[in-house]
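What follows is a single structure, written as structure tokens, with notes after it.
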Amino acid sequence: MYPSEIRAHFLEGHRRLRRLLGEALDLARRVRAGERALAGRLVDMAERITGMVFRLIDEEEDLLPPALLQADAWGEVRVERMYRYHRQWRSAVLSLLRQVHGRRLPPARLAEELEELVEELEQGLCRAERTLLHPDVLRDDPIVIGQIDG
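Numbering-wise, the sequence shown is residues 238 to 387 according to this note's numbering.
Right under this line is the structure:
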């Protein structure tokens, strides 16, 4: 795969995740607004988000490192950054999943936790797109314009 194809593939994955996060946010807001009958769907939503995030992480860890390492002199830094982002994402979704399955929190509080997860993941996606998936990083042209050293 060309770097631009890898970039497009992961940006599409991010779009799919964002759609799911939007659904989760809507569900959480409805539960917090008093639609308690929807509370059971919080478990399903947490599991769907976890599955999608873990699949995305697995794919990124398989395909991105070689492309990032070949991009420029900062490849190793970017690969380490990717792994750090992924550790944060795993921790966040597993924390929510534990809370959902532990049934220790009332539905409104679980909904708040889901909203916080959505916000955290959205920030993480933006950060990854800016630092790892930027067109200046994953490009097919091997010529680096404006690079001074390395």
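Glycine is no exception: its CB is placed at the ideal position from the N, C-alpha and C atoms. No experiment lies behind these values; they were computed from the predicted model shown.
Beta-carbon spacing of R244, L375 below 9 Å: yes
Three CB pairs or more closer than 8 Å across the segment 328 to 346 and the segment 245 to 261: no
Start-to-end residues for the alpha helix (DSSP H) that takes in E353: Here the alpha helix (DSSP H) through E353 covers P344 to T368.
Backbone CA spacing between Y322 and A270 [nearest angstrom]: 32 Å
Straight-line gap, A283 to C363 (C-alpha atoms, nearest Å): 21 Å
Separation of L293 from D309, as counted between CA atoms: 24 Å
Which of helix, strand or coil DSSP assigns to R292: helix
Contacting residues, own chain, Cβ-Cβ under 6 Å from A329 (five flanking each side not counted): L354 and E357
Pairwise C-alpha distance: E272 and M289: 26 Å
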